[in-house]
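**Q** I am attaching a structure below and will ask some questions about it afterwards.
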Ligand SMILES: Nc1ncnc2c1ncn2[C@@H]1O[C@H](COP(=O)(O)OP(=O)(O)OP(=O)(O)O)[C@@H](O)[C@H]1O
Ligand SMILES: [Zn+2]
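Residue numbers (this note's numbering): 2 to 814.
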């Protein structure tokens with residue numbers, strides 16, 4: 002018998018291994034096995050298929066060890082992986098690498114790290130486990146090849162696997178080290194007293210130490226109302242001292258425990274819905290429910306602040322009451338903190354958060370609870386689609402239009418929303434897509450009856466949509482060649498808003514101080530050495546940064562070409578706005594939210610909470626301030642450079658610009674309708690700005706969809722984007738032309754390019770691009786994908802082009 006096995010590499014095909022007699026009855030799809038490939042590389046791979054067809058072209062090796070008693074991956078997940086690989090033109094190994102927490106991935110390069118929390122009591126370990134644990138304890142970390150020197154080589158994987166299972170060690174992840182989850186001390190009742198009887202017995206027989214009794218009662222009260230109690234809060238609310246709390250813990254009544262704030266599963270597991278839907282929301286909820294009775298996918302198009310989250314919550318309740326699991330997808334991790342606080346109120350310990358920035362121990366914990374069905378709701382970014390749901394009933398895809406749903410690098414370059422829809426087709430789950438500004442593709446599908454469509458076109462509380470005004474920057478006095486940053490009407494608006502004790506959000510889609518510096522004498526522009534990109538000056542860190550490769554350079558004050566010191570700073574980023582505001586409004590509290598200011602996840606959360614608590618008057622930010630956030634005190638939103646959003650050579654530019662502006666506008670006036678938006682533009686009559694001014698999604702849709710039809714862009718076609726990369730410009734150009742030439746028959750009429758992109762060099766690789774706009778018939782598309790891959794192999798067979806990298810991106814955005 003043979004097994005087709007997936008190993009976490011970008012191999013064009015899965016390999017086959019022979020199953021030794023003694024493993025036959027232990028193997029089934031989804032179980033991990035140890036195999037070797039090449040001379041001495043070893044991997045933990047996943048069995049995909051067991052069969053009796055001996056490979057005809059090579060002599061298969063034998064499987065070395067079986068690592069799991071039960072499958073770690075379910076059959077439906079294997080099918081999901083297969084689809085992702087096929088659809089997004091990558092290998093199942095690459096999908097596996099993205100899908101599994103590192104915990105499950107072992108290979109010769111794996112480094113295991115001792116888990117300090119385990120301590121040094123190794124009495125539970127057998128002899129061989131002990132040998133490795135001992136060595137780890139001393140050396141702290143070991144490569145699997147080093148473990149081989151300690152153990153008989155045939156035992157390494159099973160033993161390391163057991164040690165990971167026993168939490169003696171974990172797999173080192175280089176990228177994850179920077180993330181330290183925020184820890185807080187929580188107070189818990191000792192197990193013994195979670196029994197009501199025991200507890201009342203304790204309270205009734207209390208004799209001395211009345212202060213401790215008071216503290217305990219405060220604790221019980223907080224526990225009842227909030228579900229969890231942090232030490233800081235308990236001491237504050239009860240006025241008790243640390244020593245009194247310690248006395249209770251010493252008596253074995255309470256227990257203090259440090260844990261990550263993101264882990265919520267200690268909350269009581271119950272559902273409490275303490276709100277009523279408005280009539281409009283109720284109707285939307287009814288329609289969504291009916292729609293999902295007969296359909297797989299439904300779009301909820303609800304304007305900003307219409308209360309889509311409340312509709313989701315009701316729907317989630319419906320599904321978990323049926324005993325099913327719910328996955329709540331968000332495009333970005335940054336968004337999870339506000340939503341989780343809202344959901345937690347209603348679903349307590351039923352919810353878990355899952356995303357790639359969590360430590361693997363946390364991820365594995367959630368993985369297991371999802372698998373057992375204990376965790377009913379997962380809030381997560383796209384990678385949570387890979388969790389082993391026991392009984393998935395509903396996927397909510399919030400902000401479905403958001404481009405962050407698409408993974409860029411590395412493969413699989415999948416769109417979380419589209420993958421969710423496929424996943425639902427094989428699990429029987431339903432999908433609710435939600436947005437105030439749906440993507441054209443989704444809205445088109447809804448309009449053409451492929452998805453159900455429910456619209457919620459009024460804001461919660463009968464609040465009106467924010468009032469939009471244009472500031473024509475051509476009419477604002479300024480120096481020649483300079484851009485308007487904060488026009489007088491905007492500045493006045495900000496001042497007036499702050500005076501009323503209300504808040505302001507300013508949106509500028511560029512971070513840093515100035516996006517480029519140009520020499521006024523010779524025209525020299527500070528550029529990255531590795532990329533064909535101008536460098537952005539970051540004043541805060543006093544560095545020049547490349548936003549493409551991340552390289553950092555010292556600032557220059559003189560032109561590196563002619564030596565002149567007449568450097569002009571062009572355009573402006575969030576840092577410069579922040580600085581301007583600090584000069585113009587010395588008393589205002591100003592904060593900035595962008596990629597640089599929220600390097601770690603907590604910083605983002607802290608900023609949002611400070612803004613919620615009105616400790617910030619003006620929040621300046623990039624896209625980050627645009628997304629799905631709910632604040633109740635924002636009167637004014639300023640869009641500083643609308644033209645910058647409209648000047649891209651991309652067929653989606655109008656759609657994107659509309660979405661960004663409508664979304665950021667939607668942050669204004671969410672409670673009382675006092676919302677006002679000022680848009681600075683040199684071309685206020687631009688059709689997109691007119692649609693934004695009217696909050697006219699349908700108008701924008703109707704106009705754009707016609708253009709898409711005319712120029713055969715999605716949703717009328719499917720696009721596959723190819724990028725070619727090589728160190729030498731001549732070679733990459735030649736390769737791209739040769740590649741396109743070879744596909745001329747029969748795909749010539751679908752090909753756009755190849756051509757050099759505007760930024761033609763990134764990280765020292767020269768780039769060429771090519772786009773295919775294919776008719777939406779699945780046979781043509783499948784054939785074309787396979788031809789594209791074949792052609793890449795042919796290209797690589799030519800010695801000259803061997804190192805040209807070809808990156809296909811299906812449904813590129
Ligand atoms: N039925 C309700 N009862 C009480 N509060 C509600 C109700 N519906 C909505 N709200 C409140 O109205 C505000 C806006 O709702 P929500 O954030 O869900 O809007 P949204 O549709 O998601 O908007 P956006 O697309 O802009 O993110 C929230 O603060 C929410 O708590
Ligand atoms: Zn660069």
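From the three backbone atoms N, C-alpha and C, an ideal C-beta is built for every residue, glycine too.
Span of the beta strand (DSSP E) holding residue 809?
**A** Residue numbering aside, residue 809 sits at position 808 when the chain shown is read from its first letter. Run containing residue 809: 806-811, per the beta strand (DSSP E) assignment.
**Q** Could you tell me whether the segment 773-781 touches the segment 711-724, using the rule of 3 or more Cβ pairs below 8 Å?
**A** Counting Cβ pairs under 8 Å, three or more are found: they touch.
**Q** When the Cα of residue 480 is compared with those of 569, 104, 418 and 542, which residue comes out closest?
**A** Residue mapping note: residue 480 aligns to position 479 of the chain shown, counting from 1. Here the closest residue by C-alpha is 569.
**Q** Is the beta carbon of residue 389 sitting closer than 8 Å to the one on residue 78?
**A** By one-based count along the chain shown, residue 389 stands at place 388. By one-based count along the chain shown, residue 78 stands at place 77. Contact: yes.
**Q** Can the beta-carbon of residue 491 be found less than 8 Å from the beta-carbon of residue 519?
**A** Stepping through the chain shown from its first residue, residue 491 is reached at position 490. Stepping through the chain shown from its first residue, residue 519 is reached at position 518. Going by C-beta atoms, residue 491 is not nearer than 8 Å to residue 519.
**Q** Roughly how many angstroms lie between the CA atoms of residue 598 and residue 624, to the nearest whole one?
**A** On the chain shown, position 597 is the one that residue 598 refers to. On the chain shown, position 623 is the one that residue 624 refers to. Straight-line Cα distance between these residues: approximately 13 Å.
**Q** Among the residues of its own chain, which have a CB less than 6 Å from the CB of residue 622, if the five just before and after it don't count?
**A** Numbered from 1 along the chain shown, position 621 holds the residue referred to as residue 622. 594 and 595, listed in sequence order.
**Q** I'd like to know if residue 622 contacts chain B, where contact means its C-beta is closer than 8 Å to some C-beta of that chain.
**A** Looking at the structure shown, chain B is missing, and only one protein chain is on hand.
**Q** The alpha helix (DSSP H) with residue 346 in it runs from where to where?
**A** The residue you call residue 346 lines up with position 345 of the chain shown. Note, residue 346: alpha helix (DSSP H), 337-348.
**Q** Specify, as a first and last residue, the run of the beta strand (DSSP E) that residue 826 falls within.
**A** A query on residue 826 cannot be resolved here, the shown segment of the chain reaching from 2 to 814 and no further.
**Q** Helix or strand or just coil, what does DSSP make of residue 179?
**A** For the purposes of this step, residue 179 is taken as residue 178 along the chain shown, with counting starting at 1. Bear in mind that a pLDDT of 38 at residue 179, under 50, signals an unreliable position, so the number given afterwards is only what the model happens to contain. Residue 179: helix per DSSP, three-state reduction.
**Q** Quick one: using the 10 Å Cβ neighbour count with 16 as the cut-off for buried, is residue 326 buried or exposed?
**A** Position 325 of the chain shown, counting from 1, holds the residue named residue 326. Buried.
**Q** Name the one or two DSSP bridge partners that residue 594 has.
**A** Here residue 594 refers to the residue found at position 593 of the chain shown. Looking at the DSSP assignment, residue 594 forms a beta bridge with 622.
**Q** State buried or exposed for residue 809, treating a residue as buried only when at least 16 other CB atoms are found within 10 Å of its CB.
**A** Here residue 809 refers to the residue found at position 808 of the chain shown. Per the 10 Å Cβ criterion, buried.
**Q** Tell me which residue opens and which closes the beta strand (DSSP E) that residue 704 is part of.
**A** On the chain shown, residue 704 is found 703 positions in, with the first residue counted as 1. Segment 698-711 is the alpha helix (DSSP H) holding residue 704; no beta strand (DSSP E) there.
**Q** With DSSP collapsed to three states, give me the class of residue 633.
**A** One-based indexing of the chain shown puts residue 633 at position 632. In this structure, residue 633 counts as coil in the three-state DSSP scheme.
**Q** Any heavy atom of ligand 1 closer than 7 Å to the Cβ of residue 319?
**A** Position 318 of the chain shown, counting from 1, holds the residue named residue 319. False, no ligand heavy atom lies under 7 Å from that Cβ.
**Q** Out of curiosity, what's the CA-to-CA distance linking residue 522 and residue 563?
**A** Position 521 of the chain shown holds residue 522. Position 562 of the chain shown holds residue 563. Going from the Cα of residue 522 to the Cα of residue 563 covers about 8 Å.
**Q** Out of 544, 202 and 189, which one is the CA nearest neighbour of residue 221?
**A** For the purposes of this step, residue 221 is identified with residue 220 of the chain shown, where counting begins at 1. When only C-alpha atoms are compared, the closest one is 189.
**Q** Ignoring anything shorter than 4 residues, give me the alpha helix (DSSP H) runs that lie fully in the segment 548-606, in order along the chain.
**A** The segment 548-606 contains these whole alpha helix (DSSP H) runs: 575-585.
**Q** According to the neighbour-count rule (16 or more other Cβ atoms, all chains shown, within 10 Å of its Cβ), is residue 140 buried or exposed?
**A** Indexing the chain shown from 1 puts residue 140 at position 139. The residue is exposed, with fewer than 16 neighbouring Cβ atoms inside 10 Å.
**Q** Since residue 689 contacts residue 508 with CB under 8 Å, what's their CB separation in whole angstroms?
**A** For the purposes of this step, residue 689 is identified with residue 688 of the chain shown, where counting begins at 1. For the purposes of this step, residue 508 is identified with residue 507 of the chain shown, where counting begins at 1. Rounded, the Cβ-Cβ distance is 15 Å, inconsistent with contact.
**Q** Going by CA-CA distance only, name the one from 82, 113 and 87 that's closest to residue 99.
**A** In the chain shown, the residue the question calls residue 99 occupies position 98. Ranking 82, 113 and 87 by Cα distance to residue 99 puts 82 first.
**Q** What did DSSP end up calling residue 256 once you bin it into helix, strand or coil?
**A** Position 255 of the chain shown holds residue 256. The answer is strand: DSSP assigns residue 256 an E or B state.
**Q** In the DSSP assignment, the beta strand (DSSP E) including residue 418 goes from what residue to what residue?
**A** Start at 1 with the first residue of the chain shown, and residue 418 comes out as number 417. Not the beta strand (DSSP E): residue 418 falls in the alpha helix (DSSP H), residues 417-428.
**Q** Provide the residue span of the beta strand (DSSP E) that contains residue 682, from first to last.
**A** For this step, residue 682 is matched to residue 681 along the chain shown. Unbroken beta strand (DSSP E) run through residue 682: 677-682.
**Q** Please check the pair residue 317 and residue 395, which I expect to be a contact at CB under 8 Å, by giving their CB distance rounded to whole angstroms.
**A** Position 316 of the chain shown holds residue 317. Position 394 of the chain shown holds residue 395. Right, their Cβ atoms sit about 7 Å apart.
**Q** Residues in its own chain within less than 7 Å of residue 156 by CB, not counting five upstream and five downstream?
**A** The residue you call residue 156 lines up with position 155 of the chain shown. Closer than 7 Å at the Cβ level, and outside the excluded window around residue 156, lie 129.
**Q** For residue 276, count the other beta carbons within 10 Å of its own beta carbon; 16 or more makes it buried, fewer makes it exposed. Which is it?
**A** Locating residue 276 in the chain shown gives position 275, counting from the first residue. So residue 276 ends up on the exposed side.
**Q** With a threshold of 16 other CB atoms inside 10 Å of the CB of residue 90, please say whether the residue is buried or exposed.
**A** Taking the chain shown and counting its residues from 1, one reaches residue 90 at position 89. Flag for residue 90 reads buried.
**Q** Do you know whose CA, among 349, 715 and 374, lies nearest residue 226's CA?
**A** Position 225 of the chain shown, counting from 1, holds the residue named residue 226. Of 349, 715 and 374, the residue nearest in Cα terms is 349.
**Q** Using C-beta distances below 7 Å, list every residue in its chain close to residue 47, excluding the 5 sequence neighbours before and after it, in chain order.
**A** On the chain shown, position 46 is the one that residue 47 refers to. Same-chain partners within the cutoff: 6, 7, 31, 33, 74 and 97.
**Q** How would you label residue 515, buried or exposed, when you count the other beta carbons within 10 angstroms and need 16 or more for buried?
**A** Residue 515 sits at position 514 when you count from the first residue of the chain shown. Buried.
**Q** Is the Cβ-Cβ distance between residue 306 and residue 461 less than 8 Å?
**A** To locate residue 306, count along the chain shown from 1; it is residue 305. To locate residue 461, count along the chain shown from 1; it is residue 460. Yes.
**Q** Beta carbon of residue 339, beta carbon of residue 631: below 8 Å?
**A** To locate residue 339, count along the chain shown from 1; it is residue 338. To locate residue 631, count along the chain shown from 1; it is residue 630. Contact flag set, yes.
**Q** On the premise that residue 335 lies in contact with residue 605, defined as a C-beta separation below 8 Å, what is that separation, rounded to the nearest angstrom?
**A** In the chain shown, residue 605 corresponds to position 604, counting from 1. In the chain shown, residue 335 corresponds to position 334, counting from 1. At roughly 5 Å, the Cβ-Cβ gap stays under 8 Å, so residue 605 and residue 335 are in contact.
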